[in-house]
Every structure is written in C-alpha cells, then in structure tokens.
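Residue numbers for the sequence shown follow the numbering used here, beginning at 5 and rising by one. Even glycine gets a Cβ: it sits at the ideal position worked out from N, Cα and C.
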Amino acid sequence: MINVSKLKKGIVIDHITAGTGYKLFSQLHLDELDDVVVLMRNVDSRKMGKKDLIKIETDLALDFTVLGLIDPGITVTYVEDGNRIKKVKLTLPEKVEGILKCHNPRCISNTEKLESTTFYLVDAKKKEYACEYCEARTQL
Numbered sequence: 005m006i007n008v009s010k011l012k013k014g015i016v017i018d019h020i021t022a023g024t025g026y027k028l029f030s031q032l033h034l035d036e037l038d039d040v041v042v043l044m045r046n047v048d049s050r051k052m053g054k055k056d057l058i059k060i061e062t063d064l065a066l067d068f069t070v071l072g073l074i075d076p077g078i079t080v081t082y083v084e085d086g087n088r089i090k091k092v093k094l095t096l097p098e099k100v101e102g103i104l105k106c107h108n109p110r111c112i113s114n115t116e117k118l119e120s121t122t123f124y125l126v127d128a129k130k131k132e133y134a135c136e137y138c139e140a141r142t143q144l
C-alpha cells in the first residue's frame, strides 16, 4: 500500500467518484502548479468501495460550481498546521452561470453574443438544468 504523508497546509479533495479524479485534476489545471499535488486513484473506501483523492499542498481558489457539476458528492477539506480548519460538502449547484451551453439551436444564447447564460437546476436526480432564456433542458 502506498503511504502519502499528512498535509501540513493545503487542500484535500476527497470522496471523488472512482475514475473521476483525473477529470477534476485537469479541470482545475493542477498540472500547472509548482506545488506538490497528489492524485490517488481507486483508493479503498468503506463508504464508497473505491474512490479517488487529490491532495494539494498550497492555497488555491477552487470553483465549487465546477466541482459540484463534475462530481456532486465530493468533500473539500482545508488544512493548516496539520489540522482541518474547514470542510465543505458539495452538491449539485442550484444555479450555474457561464459554464453550460444550451442545446437548443434556436435559443437566443446561441444566436446572439451574450456575456453568459444562466441555467437553473430543475431535476437533481437526472442532473438536469434549464436555460434561463428558452427553458430547454440540459442533462449532465
């Protein structure tokens, strides 16, 4: 078994669905950091069976909306002096701005140059969002 040391200061992204860790790693551009970053895949978990885990040995501004869209069950833990100072459990965001694209080709968001389009969560079980302009539904 591989042993990764305890963080003194940084962020732990935990309870990532097995196989999704690399997608998060890429979306967060963690390969561009000069700090220590550890991606562990298929780690044994009592709760999940298998999970992925990311440890980042630095302060980093995270976009919880993007993280919640990719994997709504994850937890983000902030560590200082080796102790947990804050833990955030993510869910699907109720409102998403500037990330999703409407699938309706006739929607104004696809025909006009708009700064961003907002989508609202309409069905959490289906991971379905509605466009603010045409109400077309987009499933993740």
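Checking 8 Å against the spacing of the C-beta atoms, do residue i and residue j come in under that value?
i, j, result
"D63", "K12", "no"
"I20", "Y82", "no"
"T122", "E132", "no"
"C111", "A140", "yes"
Could you tell me how far apart the beta carbons of residue i and residue j are, in whole angstroms, since I believe they sit closer than 8 Å?
i, j, result
"I74", "F29", "About 11 Å separates the two Cβ atoms, so there is no contact after all."
"T115", "D18", "That pair is no contact at about 42 Å."
"L34", "I60", "7 Å"
"L125", "L96", "6 Å"
"A22", "K51", "Not quite, the Cβ-Cβ distance comes to about 12 Å (not below 8 Å), so this is no contact."
"K129", "Q143", "About 11 Å separates the two Cβ atoms, so there is no contact after all."
Quick one: give me the first and last residue of the alpha helix (DSSP H) that residue i is part of.
i, result
"Y137", "Note, Y137: premise wrong, no alpha helix (DSSP H); not H, not E."
"N46", "Taken as a continuous stretch (DSSP letters only), N46 belongs to no alpha helix (DSSP H), being part of the beta strand (DSSP E) at 41-49."
"L28", "25-31"
"N114", "112-115"
Following the continuous beta strand (DSSP E) through residue i, name the residue where it begins and the one where it ends.
i, result
"T21", "14-21"
"I78", "No beta strand (DSSP E) holds I78; DSSP gives it neither H nor E."
"L57", "53-60"
"I89", "87-93"
"K99", "99-101"
"T122", "122-127"
On a CA-only basis, which of the options is nearest residue i? Give me that one, please.
i, options, result
"K27", "V126, K54, R45, I103", "R45"
"E119", "A65, G77, G102", "G102"
"H107", "G72, K99, C138, K90", "C138"
"G72", "V92, R88, G53, N87", "V92"
Compute the Euclidean distance between the alpha carbons of residue i and residue j, then round it to the nearest angstrom.
i, j, result
"T69", "S113", "20 Å"
"V8", "P109", "48 Å"
"K10", "V40", "12 Å"
"T24", "S49", "15 Å"
"R88", "K117", "44 Å"
"G66", "V47", "According to the sequence shown, residue 66 is Leu rather than Gly. In a straight line, the C-alpha of L66 is about 23 Å away from that of V47."
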